[in-house]
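Asker:
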Amino acid sequence: MALPHPQRKYDLIVFGASGYTGKLTAEQVLQHTPSSLRWAIAGRSPHKLELLATDFDRRFPDRAPVGIFIADLDEDALEKMARATRCLISTVGPFIRYGTAVVEACAINGTHYVDSTGEITWVKEIVDKYHKTAKANGAIMIPQCGMESAPADLAAHTLVKSMRDNYDCPVGDVTFCLHELKAGMSGGTLESGMSLLEHSTLQEVMHATRTYALSPVRGYDLPFAWPMRRHPELGILTKWIQAVPDTVYVYRSWGTFDGGQYYGENFNFMEYRRANNWISAVFWFLMMCSITVLPIFAPFRWLARKLIQPGEGPTAEQMAKYRIEYQGVAEADDESENPKKVFVRLTYEKDPYTCTGALMVQVAMSILFDGDIEAKKLGCGILTAATVATPEFYRNLDRTGFHIETKLL
Numbered sequence: 001m002a003l004p005h006p007q008r009k010y011d012l013i014v015f016g017a018s019g020y021t022g023k024l025t026a027e028q029v030l031q032h033t034p035s036s037l038r039w040a041i042a043g044r045s046p047h048k049l050e051l052l053a054t055d056f057d058r059r060f061p062d063r064a065p066v067g068i069f070i071a072d073l074d075e076d077a078l079e080k081m082a083r084a085t086r087c088l089i090s091t092v093g094p095f096i097r098y099g100t101a102v103v104e105a106c107a108i109n110g111t112h113y114v115d116s117t118g119e120i121t122w123v124k125e126i127v128d129k130y131h132k133t134a135k136a137n138g139a140i141m142i143p144q145c146g147m148e149s150a151p152a153d154l155a156a157h158t159l160v161k162s163m164r165d166n167y168d169c170p171v172g173d174v175t176f177c178l179h180e181l182k183a184g185m186s187g188g189t190l191e192s193g194m195s196l197l198e199h200s201t202l203q204e205v206m207h208a209t210r211t212y213a214l215s216p217v218r219g220y221d222l223p224f225a226w227p228m229r230r231h232p233e234l235g236i237l238t239k240w241i242q243a244v245p246d247t248v249y250v251y252r253s254w255g256t257f258d259g260g261q262y263y264g265e266n267f268n269f270m271e272y273r274r275a276n277n278w279i280s281a282v283f284w285f286l287m288m289c290s291i292t293v294l295p296i297f298a299p300f301r302w303l304a305r306k307l308i309q310p311g312e313g314p315t316a317e318q319m320a321k322y323r324i325e326y327q328g329v330a331e332a333d334d335e336s337e338n339p340k341k342v343f344v345r346l347t348y349e350k351d352p353y354t355c356t357g358a359l360m361v362q363v364a365m366s367i368l369f370d371g372d373i374e375a376k377k378l379g380c381g382i383l384t385a386a387t388v389a390t391p392e393f394y395r396n397l398d399r400t401g402f403h404i405e406t407k408l409l
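Each residue of the sequence shown is one higher than the last, beginning at 1 in full-length UniProt numbering.
1) Just the C-alpha distance for Ala354 and Ala64, rounded to the nearest angstrom, thanks.
2) Tell me the DSSP secondary structure of Leu409 in three-state form.
3) Taking the Cβ atom as the reference point for each residue, do Ile120 and Ala208 lie within a distance shorter than 8 Å?
4) Going along the chain, which residues of its own chain have a beta-carbon closer than 6 Å to the beta-carbon of Phe402, five neighbours each way excluded?
5) Who are the near neighbours of Ala139 in its chain, counting only those whose CB is closer than 7 Å to its CB and skipping five residues on each side?
6) Compare the Cα-Cα distances from Thr384 to each of Tyr251, Gly235, Phe269 and report the closest residue.
7) Determine, using beta carbons only, whether residue 423 and Lys239 come nearer to each other than 8 Å.
8) Looking at C-alpha atoms only, which residue of Arg345, Glu331, Leu346 is the closest neighbour of Pro339?
9) In chain order, what residues of the same chain lie with their CB nearer than 7 Å to the CB of Glu104, ignoring the 5 residues before and after it?
10) Closest to Tyr220 by C-alpha separation, out of Thr91, Lys132, Asn268, Phe60, would be which residue?
11) Whole alpha helix (DSSP H) runs in the UniProt domain "Saccharopine dehydrogenase NADP binding" (13-141) with 4 or more residues, listed along the chain?
12) Measuring only the C-alpha atoms, how far is Tyr322 from Lys182?
13) Taking the continuous alpha helix (DSSP H) assigned at Gly255, which residues delimit it?
14) Along the alpha helix (DSSP H) that carries Gly357, what are the first and last residues, could you check?
15) Along the beta strand (DSSP E) that carries Thr238, what are the first and last residues, could you check?
16) Based on the DSSP output, what are the partners of Ala330 in its beta bridges?
17) How should Ile291 be labelled, buried or exposed, when 16 other C-beta atoms within 10 angstroms of its C-beta is the threshold for buried?
18) Answer yes or no: do Asn277 and Ile236 have a C-beta to C-beta separation smaller than 8 Å?
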């Protein structure tokens, strides 16, 4: 029997804290959570964890001392770790290789869980295998909670809520775009993409990337969306590689909130990247097509791994120059010639990996300390970032530097 949450040693464990994204996530815990939080860092290397813990305690003497939990991917070690904490954040990827046993341990032991995966075939697998188990044991589990795919999910939810609050109207078309991205890539991100293709069949990839693959209910067949287009508010838009996993994730939220009725029966989410001109749009379209196709071939994967190693990523100096901005527009589903519109902007003046850490930590805090989240009303299970999005969550996220603003058009 799982240990009741009040009797567990920690509120939160960051698993993989000595890795690139794990360290940034741990920094977010230090900077943007209550000082009384009982938390620990976990991983395989006692030496690396001890060095980190010593550094954290020296720099933040007013916080409760950080604990250390030694855990590899052995079943017994994962069981002990899951039973020791109320919530686990995992940055140990590729998740399709290393994540399933972690999810299983948390689902069985009723331990809340958050991760940074973008591996959509793996998310489909764990939803099918562990959603009912997690729900039965009272675990709220939120995968894909970093740059993939929390910004798109939170933007869609914000637009829908604004439309409902201001016009009491469902949403039809939502056009969402990456407006600006100044950033680099870590080796872990690259390795996750390579591993997905090596551990999934083409049929599994196709099945997991269907629009309603993760939704608890199926909607209507969506109209064809041009890969390049001009939008009246957002400008010239082109293909973006993150659109597929983000869209599938957003439609899990769509189906979770009142079986699609809250968002709207005709809800149609489309994601792009903004381009400065049509030449740039064509360039990015061809680039995204190449990035989608080339990793299928083993020689390309070998070369990519030689160039960027897991655990590596942008330096602090590089990250200081990075920024992220998304924009989106939702149209009311009111059958009028000039439908009401709502605009959303999401900005973060740092790099995507710090952003991922900030998102995961605040989602975890919302699960642990906010009694009003939709995830609890739904009875737990494997859900989405939108199901923990309350006013308090957005206020805390804003304090980390991740800003979301809306306006009526």
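Backbone N, C-alpha and C define an ideal beta-carbon position, used for all residues, glycine too.
Answerer: From the atom records:
1) Along the sequence shown, read from residue 1 onward, the residue named residue 354 stands at position 354. Along the sequence shown, read from residue 1 onward, the residue named residue 64 stands at position 64. One detail in the question is off: residue 354 reads as Thr in this sequence, not Ala. If I take the Cα positions, the gap works out to 22 Å.
2) In the sequence shown, the residue the question calls residue 409 occupies position 409. Coil at Leu409, not helix or strand.
3) Here residue 120 corresponds to residue number 120 of the sequence shown, with the count starting at 1. Here residue 208 corresponds to residue number 208 of the sequence shown, with the count starting at 1. Cβ distance < 8 Å, so Ile120 and Ala208 count as in contact.
4) As a working mapping, residue 402 is identified with position 402 in the sequence shown. Sequence-distant partners of Phe402 (beyond 5 residues in either direction) whose C-beta falls short of 6 Å from its own C-beta, in its chain, are Tyr348, Ala358.
5) What you label residue 139 is simply residue 139 of the sequence shown in a count that begins at 1. Correct list, in chain order: Cys106, Ala107, Gly110, Thr111, His112, Tyr113, Cys380.
6) Numbered from its first residue, the sequence shown carries residue 384 at position 384. The candidate whose alpha carbon is nearest that of Thr384 is Tyr251.
7) The chain is shown from 1 up to 409; residue 423 falls before or after that span and cannot be answered.
8) Position 339 of the sequence shown, counting from 1, holds the residue named residue 339. For the residues Arg345, Glu331, Leu346, the minimum Cα distance to Pro339 belongs to Glu331.
9) Within the sequence shown, residue 104 is the residue found at index 104, counting from 1. Cβ-Cβ distances below 7 Å link Glu104 to Tyr130 in the same chain, with the five nearest sequence neighbours on each side left out; the list follows chain order.
10) Counting from one through the sequence shown, the residue named residue 220 turns up at place 220. Measuring C-alpha to C-alpha distances from Tyr220 to each of Thr91, Lys132, Asn268, Phe60 identifies Asn268 as the nearest.
11) 20-32, 46-59, 75-84, 95-98, 100-109, 120-136
12) Counting from 1 along the sequence shown, the entry for residue 322 is found at position 322. Counting from 1 along the sequence shown, the entry for residue 182 is found at position 182. For Tyr322 and Lys182, the distance between alpha carbons rounds to 5 Å.
13) Within the sequence shown, numbered from 1, the residue matching residue 255 stands at position 255. Element bounds for Gly255: 243-256.
14) Along the sequence shown, one-based indexing puts residue 357 at 357. Its alpha helix (DSSP H) spans residues 352-369.
15) Counted from its first residue, the sequence shown places residue 238 at position 238. Its beta strand (DSSP E) spans residues 235-238.
16) By one-based count along the sequence shown, residue 330 stands at place 330. In the DSSP output, where bridge partners are listed per residue, Ala330 has Val174, Val342.
17) If you number the sequence shown from 1, residue 291 lands on position 291. Looking at its Cβ environment, which holds fewer than 16 other Cβ atoms inside 10 Å, Ile291 is exposed.
18) Sequence index remark: in the sequence shown, residue 277 carries index 277 (1-based). Sequence index remark: in the sequence shown, residue 236 carries index 236 (1-based). Going by C-beta atoms, Asn277 is nearer than 8 Å to Ile236.
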